[in-house]
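Take a look at the structure set out below.
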Amino acid sequence: MYLSGVNRNVKKIMFKNLSCILYFYSIQIAAESEALPNAEGDGPEDASDIASNISDADALKILLEMKMKKRQKKPSLPSTVTEFATEEGSKVYVVGTAHFSDSSKKDVVKTIQEVQPDVVVVELCQYRVSMLKMDERTLLKEAKEINLEKLQQAIKQNGLMSGLMQMLLLKVSAHITEQLGMAPGGEFREAFKEASKVPFCKFHLGDRPIPVTFKRAIAALSIWQKIKLAWGLCFLSDPISKDDVEKCKQKDLLEQMMAEMIGEFPDLHRTIVSERDIYLTYMLKQAAKRTELPRASEAEPRRCVPSVVVGVVGMGHVPGIEKNWNTDLNIQEIMSVPPPSTSSKILKFVIKATIFGLVGYGCYRMGHRTVRFILSVPIAQKYLQKLIGVKSQH
């Protein structure tokens, strides 16, 4: 999905005053070369003078040239980057990340700066886009606070079973957040910031909507698997260090972890990992279609060129993207939500009955305690004795 609101605003500002953008972007170039040559080549000239003396058409042309100048033909990329190509000649650089990693953020920044992409695609959907807008402190606070309001919102959005599963996974995320003192998704926020610095760069949300993923995951599990998974998530308390998170970027360790997950929950792996591999691959290939170069006016002819795309995904999705890259993909099947199974209906009924039973028992116990508390208050005892005395006189 394409973050249309952000891109529309950027496009309006960009074409409203191209000279202004050229001014700010040329300062970046000037920082590298220390000075910008003037038109006659007689020496350095201030970027603001250049920007004020050219038309929008010239500014657009120079801006594109500057972008291409910064784009490295043989970029020096981190080891976590995997390169793909399309039949049309587009290039896709997929950065495999660990979601709680500082070095992953640096990998994302370096990759975007090196290749100056036309599109950046991140492993987020529209339901998690708020992660891009919040600052680190707010996200850290939000991740640690799991309350009744969040539970109600999750159930309303995803249904009872999927909502409960989402809250259990949020609990895991909160546990890691508390252990590391770091909010998740830092690499996506860095990608968003860096993409905004690249002229004419679009920002796409490339993940399958989270309600679809949760509903398909719940539907794929048996009652026993649901109980086993919920139990494991509820009692997760093992300490996690930053070194442990960084190890998740090692492909051999990751493959071992994936193999264990496949053995224990094969259907869960299929819905949460394999199907999203397909979806992410499809979105990356869509983003990598030939791109139309910006035009200063409608009179100019359209020109389409191969795209340069940067994808930012969890390291666990990279092998699946490699596997699916050269296949024809159809995402319609993995976007459908199957009806609840009989086992799901039974479990849903049991959970609801348990919740209502606990609430009823709580009210019953609280009622007895409240009466006993009132009777223990001296003033209440005094009035009660008076009442008994009045009745005995009659």
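Residue numbers (the UniProt record's numbering): 1 to 394.
We put the CB at the ideal spot given by N, CA and C, even for glycine.
Computed from a prediction, not measured in an experiment: that's the story for all the values here.
Limits of the unbroken beta strand (DSSP E) element including residue 333 | Counting along the chain, residue 333 falls outside any beta strand (DSSP E), and DSSP gives it neither H nor E.
Assess, as a yes-or-no matter, whether the segment 215-226 is touched by the segment 119-133 under the definition of 3 or more beta carbon pairs within less than 8 Å.
-> The segment 119-133, when compared against the segment 215-226, does not touch it at the 8 Å Cβ threshold.
Inter-residue Cα distance where the pair is residue 103 and residue 300 = Residue 103 and residue 300: Cα-Cα distance of roughly 43 Å.
Delimiting residues of the alpha helix (DSSP H) encompassing residue 111 | Residue range 102-115 is occupied by the alpha helix (DSSP H) that includes residue 111.
Go ahead and label residue 125 buried or exposed: buried means 16 or more other beta carbons lie within 10 angstroms of its beta carbon, across all protein chains shown.
-> When all chains shown are included, residue 125 counts as buried.
Within its chain, find whatever has a CB closer than 7 Å to the CB of residue 84; leave out the 5 residues flanking it on each side and keep chain order.
-> Cβ neighbours of residue 84 beyond the five flanking positions: 92, 94 and 325.
Hey, how far is the Cα of residue 273 from the Cα of residue 316?
-> Straight-line spacing of the CA atoms in residue 273 and residue 316 works out to 8 Å.
Using alpha carbons as the reference points, say which of 81, 307 and 88 lies closest to residue 200.
-> Residue nearest to residue 200 within the set 81, 307 and 88 is 307 (criterion: CA-CA distance).
At what residues does the alpha helix (DSSP H) containing residue 268 begin and finish?
-> Counting along the chain, the alpha helix (DSSP H) containing residue 268 begins and ends at 266-269.
Give every residue of the same chain whose Cβ lies closer than 6 Å to the Cβ of residue 287, excluding the five residues on either side of it in the sequence, and list them in chain order.
-> Excluding positions up to five away in sequence, the list reads 119, 121, 204 and 309.
Assigned secondary structure, residue 155 (DSSP; H/G/I helix, E/B strand, else coil) | Residue 155 sits in a helix when the DSSP states are folded into three classes.
In angstroms with no decimal places, state the Cα-to-Cα distance between residue 71 and residue 186.
-> Whole-angstrom Cα-Cα distance: 24 Å.
Cα-Cα separation between residue 270 and residue 128, rounded to whole angstroms = Their Cα atoms are separated by approximately 21 Å.
How should residue 327 be labelled, buried or exposed, when 16 other C-beta atoms within 10 angstroms of its C-beta is the threshold for buried?
-> Sixteen is the threshold: since fewer than 16 other Cβ atoms of the shown chains lie within 10 Å of the Cβ of residue 327, the residue is exposed.
Residue 212, enclosing alpha helix (DSSP H) - first and last residue = For residue 212, the uninterrupted alpha helix (DSSP H) segment begins and ends at 210-220.
Could you check what DSSP says for residue 289 in three-state terms: helix, strand or coil?
-> Residue state, collapsed to three classes: coil.
Label residue 332 either buried or exposed according to how many other C-beta atoms from any shown protein chain fall within 10 Å of its C-beta, with 16 as the threshold for buried.
-> Under this definition residue 332 is an exposed residue.
Considering residue 119, what are the terminal residues of the beta strand (DSSP E) in which it resides?
-> Residue 119: member of the beta strand (DSSP E) spanning 119-122, first to last residue.
Alpha-carbon to alpha-carbon, residue 354 and residue 108 | Residue 108 and residue 354: Cα-Cα distance of roughly 46 Å.
Short check: CB of residue 212 to CB of residue 117, under 8 Å?
-> Judged by their CB atoms, residue 212 and residue 117 are not nearer to each other than the 8 Å cut-off.
Would you mind working out which of 99, 181 and 138 sits nearest residue 313, comparing C-alpha positions?
-> Ranking 99, 181 and 138 by CA distance to the CA of residue 313 puts 99 first.
Thinking C-beta only, is residue 329 closer than 8 Å to residue 206?
-> In this structure, residue 329 does not lie closer than 8 Å to residue 206 by Cβ.
Could you check the C-alpha separation between residue 137 and residue 188 for me, to the nearest Å?
-> Roughly 16 Å separates the two Cα atoms.
Residue 204 by DSSP, collapsed to three states: which one?
-> Here residue 204 sits in strand by DSSP.
Taking the CB atoms as reference points, tell me whether residue 82 and residue 318 lie closer together than 8 Å.
-> The Cβ atoms of residue 82 and residue 318 sit closer than 8 Å to each other.
Nearest-angstrom Cα separation, counted from residue 156 out to residue 209 = Computed Cα separation, rounded: 15 Å.
Three-state class that DSSP yields for residue 91 in the structure shown | Here residue 91 carries a strand assignment [DSSP, helix/strand/coil].
Nearest to residue 77 by CA position, among 54, 291, 111 and 278, is which residue?
-> Of 54, 291, 111 and 278, the smallest CA-CA separation from residue 77 is found for 111.
Cβ distance (whole Å) where residue 114 is taken to contact residue 75 below 8 Å = Sure, about 4 Å apart at Cβ, within 8 Å.
Please report how far the alpha carbon of residue 61 lies from the alpha carbon of residue 291, in whole angstroms.
-> Computed Cα separation, rounded: 16 Å.
Looking only at DSSP bridge pairs, what is residue 82 linked to?
-> 94, per the DSSP bridge assignment.
In three-state terms, what does DSSP make of residue 318?
-> Helix.
To the nearest angstrom, report how far apart residue 336 and residue 275 are at their CA atoms.
-> A straight line joining the alpha-carbon of residue 336 with that of residue 275 spans about 12 Å.
Pairwise C-alpha distance: residue 69 and residue 56 = Residue 56 and residue 69 have their alpha carbons spaced roughly 20 Å apart.
How many Å lie between residue 293 and residue 63 at the Cα?
-> The alpha-carbon atoms of residue 293 and residue 63 are separated by roughly 12 Å.
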